[in-house]
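Q:
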Amino acid sequence: MTDAAPTPAQNAPSADAPELNVNGPDFAALVAARLCHDFISPASAIVSGLDLLEDPSAQDMREDAMSLISSSARKLADLLQFTRVAFGASASAENFDSRELEKLAQGVFAHVRPTMDWAIPPSTLNKASARAILNIAQIAASALPAGGKATLRAVAADGRVAITADAVGPRARLRPEVLAGLKGEALAEGLGGPWVQAAYLNALVRAAGGQVGIELGEDKVSLAAWVPA
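In this note's numbering, the protein residues as written are 46 to 274.
(1) Kindly indicate which residue of Thr-160, Leu-97 and Asn-180 has the alpha-carbon position closest to the one of Leu-124.
(2) Within 10 angstroms of its Cβ, does Ile-85 collect 16 or more other Cβ (buried), or is it exposed?
(3) Using the three-state DSSP reduction, which class does Asn-171 fall into: helix, strand or coil?
(4) Alpha carbon to alpha carbon, what distance is there between Arg-220 and Ala-287?
(5) Going by C-alpha to C-alpha distance, which of Trp-163, Gly-255, Glu-147 and Asp-71 sits closest to Gly-204?
(6) Where Met-106 and Glu-263 are concerned, what is the direct C-alpha to C-alpha distance, given to the nearest angstrom?
(7) Throw me the rounded Cβ distance for the Val-153 and Arg-218 pair, which I believe falls under 8 Å.
(8) Taking all protein chains shown into account, do 16 or more other C-beta atoms lie within 10 angstroms of the C-beta of Pro-273, making it buried, or fewer, making it exposed?
(9) Under the rule that 16 or more other beta-carbon atoms within 10 Å means buried, what is Gly-192, buried or exposed?
(10) Quick one: what does DSSP say Glu-139 is sitting in, helix, strand or coil?
(11) What would DSSP say about Pro-166, mapped onto helix, strand or coil?
(12) Which residue comes first and which comes last in the alpha helix (DSSP H) that contains Gln-242?
(13) Under 7 Å between the Cβ atoms of Ile-165 and Leu-197?
(14) Could you give the DSSP three-state label for Arg-176: helix, strand or coil?
(15) Beta-carbon within less than 7 Å of Asp-142's beta-carbon, same chain only, minus the 5 sequence neighbours each way: which residues are those?
(16) Can you say whether Val-92 is buried or exposed, counting buried as having 16 or more other CB atoms within 10 angstroms of its CB?
(17) CA-CA distance, Ala-199 and Asp-83?
(18) What's the C-alpha gap between Lys-194 and Leu-236?
(19) Quick one: measure Cβ to Cβ for Ala-225 and Val-250, integer angstroms, because I've assumed they're closer than 8 Å.
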């Protein structure tokens with residue numbers, strides 16, 4: 046995929062697709078459930094580590110418990126920092142340094158199998174671009190369940206920022222519900238967690254006046270978006 050903006054045909058929902066209401070309580074509940082799902086695993090692991098430390102019969106596992114607590118706390122902190130920007134809680138900032146965004150994205154990739162190549166030069170990006178890049182990065186990571194590499198690019202030209210992510214690796218794929226969300230379709234079946242992030246990405250890009258595109262190939266998933274600069 047090139048840095049060109051995605052075409053409407055790549056992103057248009059089907060004519061009989063259920064209407065997507067991102068302002069309704071059901072969508073908000075799904076976003077909350079998605080974030081809780083992301084946070085509960087490392088939080089539970091921290092509690093498990095603490096329980097081991099407090100168990101007199103498990104003192105021989107003290108080193109393992111400390112390692113579990115340390116790695117899980119780091120993962121939880123990375124996810125929280127990422128979420129503050131990716132899902133919009135950092136509302137006070139209108140512009141973001143791409144180098145700071147790289148740190149946030151790398152924090153997510155540090156805890157998954159694929160790696161990330163951040164091919165975005167140092168620059169200042171507006172809020173819509175920053176959120177789009179981070180969500181695209183995490184979706185690209187999830188498209189590589191068996192590992193691989195996701196390459197992130199962003200180019201500012203002609204009054205807009207074109208963002209691409211090429212996820213390359215064995216069995217690279219997008220879940221059907223993720224494809225539906227990226228096209229702006231309501232969740233018909235499948236898991237709500239993967240769908241809601243894709244739907245959120247579609248909604249925030251469209252609200253900014255941009256578009257989202259998808260291209261699927263053998264062992265490759267390409268995501269694209271453009272938003273006004």
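Just so you know, even glycine gets a beta-carbon here, dropped at the ideal spot from N, CA and C. Every value quoted in this text rests on a predicted model; they were computed, and no experiment measured them.
A: Answer, in terms of the structure:
(1) That would be Asn-180, whose Cα lies nearest to the Cα of Leu-124.
(2) By the beta-carbon neighbour count (other beta carbons within 10 angstroms, threshold 16), Ile-85 is exposed.
(3) Three-state DSSP puts Asn-171 in a strand.
(4) Outside the shown range of the chain, which is 46 to 274, sits residue 287, and nothing can be said about it.
(5) It is Gly-255 whose Cα lies nearest to the Cα of Gly-204.
(6) Rounded to whole angstroms, Met-106 to Glu-263 spans 44 Å at the Cα level.
(7) Wrong, their Cβ atoms sit about 19 Å apart, outside the cutoff.
(8) Flag for Pro-273 reads exposed.
(9) That one is exposed.
(10) Glu-139 sits in coil when the DSSP states are folded into three classes, being neither helix nor strand.
(11) Coil, per DSSP.
(12) It spans 237-252 - the alpha helix (DSSP H) in which Gln-242 sits, taken as one unbroken run.
(13) Yes. Within cutoff.
(14) When DSSP states are grouped into helix, strand and coil, Arg-176 belongs to the helix group.
(15) Closer than 7 Å at Cβ, skipping near neighbours: Thr-169.
(16) With fewer than 16 other Cβ atoms within 10 Å, it is exposed.
(17) If you take the alpha carbons of Ala-199 and Asp-83, they lie about 26 Å apart.
(18) About 24 Å.
(19) With a Cβ gap of about 16 Å, Ala-225 and Val-250 do not count as contacting.
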